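A.B. asks: One structure coming up, written as C-alpha cells, with questions to follow.
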DNA sequence: TAATAAGATTGTAATCATTACATGTTTGTA
DNA sequence: TACAAACATGTAATGATTACAATCTTATTA
C-alpha cells in the first residue's frame, strides 16, 4: 500500500500543485526514507544531489504537501518536527532511549471516543512512548 | 477523580520534592485551570499574585512535576507546549478553528497495537483534530 | 519567438519558545 | 546564628521556524 511516484504525481496533478525538481526530490526522499525525517535530515540527505537546495524550500514544500494531505507532521514533544508520507493511519512509538520512531499498525476505528458526537474529527493520532527492544 | 491539593502534596512528599510557594501556586493554577495552559498563560495568570515569578521557575517546576509523573506535556503541532495535570488517561481534541483543546474519555486499553510485543510501553497519547461544535 | 505574468527558489534576517548559566534568596539543620 | 543545600530569578544564548526581498523558472499569450 506504499504510494509510488506515479500515485503521488497523480494526486498532485489533481490538486493543481506543480511538481518542481526540488519538490520531486523531497518527495522521493520521503518515500525512500521511511524514518520520519526532520527538515535537517532531508536537507543533509539531498545536499549532495542539490547543493543549492534551501531549507526554506523544504519548509515550503512540506507545508504544501501537508495541506494537500500527502504528508503528515508527526507530533512529539521534541522541538524538531518530523514528517511522514501519509499512508493508512498507523501509530507511532518513540523510544525514549535512542529516539527512534517506529510505526505500528493499529485499528484506529476501534477507538471510540465517549463524547465527541458533535465534533467533526478530521485527523487521528496515536503516539506511544517507551523503550524499544534494542534498548531494553 | 480530579486530584486535590492533598493528593498532590502526598505524592510530592512521597517523591521527596519540596513544595515551595511558587511550585504550590503553579500546581494550584494547573488544578483550577483545566484548559491545558501554556507557560505564557501560567505566567500571566499568576503575575498578579506573584509579580516576581520568573518563567524559568515555571519551566523548571513543570519539568520536575513531569518527571514525577504529576503533569503531562500535551503534544500538538503548535510550537508552544501545553500542560495538563496527569489524571486517568484521556484523549485530546484540538479544534483547528479556535485552537481550544478538549478532553475526551477513551478506553486506551482497547487500543491493541499489532506488533509492539517486544516494546515496553510507558505512555500512550491520543490526539484528534477537527472542528468543535461551536465552530461548526 | 518574444514578452509578460505568475509561481518557485534562495539566502538572510527576524521571531519566539525554550534552555543555560550566574547570581541572589530561602529553607532546614545543627 | 551559621552553614549548606536547594530554589528562584533575570539575562543571555540557542535553535527551529518564518518573513521577506531578490532572483530564477515556467507557462501563457500575442
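Chains as they are written, first to last, in our numbering: chain Y, 1 to 136; chain D, 1001 to 1136.
Here a beta-carbon is modelled for each residue, glycine too, at the ideal position from N, C-alpha and C.
Since the model is a prediction, treat every value here as computed from it, not as a measurement.
(1) At what residues does the beta strand (DSSP E) containing residue 1131 of chain D begin and finish?
(2) List the residues of chain Y that residue 1096 of chain D touches, going by C-beta distances under 9 Å, in chain order.
(3) I need the DSSP call for residue 82 of chain Y, collapsed to helix, strand or coil.
(4) Please state the DSSP three-state secondary structure of residue 1035 of chain D.
(5) In three-state terms, what does DSSP make of residue 1115 of chain D?
(6) According to DSSP, what are the bridge partners of residue 93 of chain Y?
(7) For residue 13 of chain Y, name the three-state secondary structure that DSSP assigns.
(8) When burial is assigned at 16 or more other CB atoms within 10 Å of the CB, is residue 83 of chain Y buried or exposed?
(9) I'd like to check one pair, residue 1075 of chain D with residue 75 of chain Y: are the Cβ atoms closer than 9 Å?
(10) Along chain D, which residues have their Cβ under 9 Å away from the Cβ of residue 59 of chain Y?
(11) Considering residue 66 of chain Y, what are the terminal residues of the alpha helix (DSSP H) in which it resides?
(12) Is the beta carbon of residue 1133 of chain D less than 9 Å from the beta carbon of residue 134 of chain Y?
(13) Please compile the residues from chain D whose C-beta is within a distance smaller than 8 Å of the C-beta of residue 133 of chain Y.
(14) Under a Cβ-count criterion, where at least 16 other Cβ atoms within 10 Å of its own Cβ denotes burial, should residue 1034 of chain D be classed as buried or exposed?
(15) Can you tell me whether residue 1023 of chain D is buried or exposed, with buried defined as 16 or more other CB within 10 angstroms of its CB?
(16) Going by the DSSP bridge assignment, what does residue 1074 of chain D pair with across the sheet?
(17) Apart from the five residues just before and just after residue 50 of chain Y, which ones in its own chain have a Cβ nearer than 8 Å to its Cβ?
(18) Please state the DSSP three-state secondary structure of residue 1047 of chain D.
(19) With a 10 Å radius around its C-beta and 16 neighbouring C-beta atoms as the bar for buried, classify residue 1027 of chain D as buried or exposed.
(20) Given 8 Å as the limit, is there contact between the segment 1057-1067 of chain D and the segment 1099-1114 of chain D, that is, 3 or more CB pairs closer than that?
(21) Just confirm the distance between the C-beta atoms of residue 1108 of chain D and residue 1124 of chain D, as a whole number of angstroms; I'd bet it's less than 8 Å.
(22) Short of 6 Å in beta carbon distance, which residues of its chain neighbour residue 30 of chain Y, apart from the five on each side in sequence? Order them along the chain.
(23) Could you tell me whether the Cβ of residue 114 of chain Y comes closer than 9 Å to any Cβ of chain D?
C.D. replies: According to the structure data:
(1) 1120-1131
(2) 122, 123
(3) strand
(4) coil
(5) coil
(6) Y/102, Y/128
(7) helix
(8) buried
(9) yes
(10) Correct list: empty, because the minimum Cβ distance to chain D is about 13 Å.
(11) 55-67
(12) no
(13) 1118, 1119
(14) exposed
(15) buried
(16) D/1082
(17) 21, 22, 25
(18) helix
(19) buried
(20) no
(21) 5 Å
(22) 85
(23) yes
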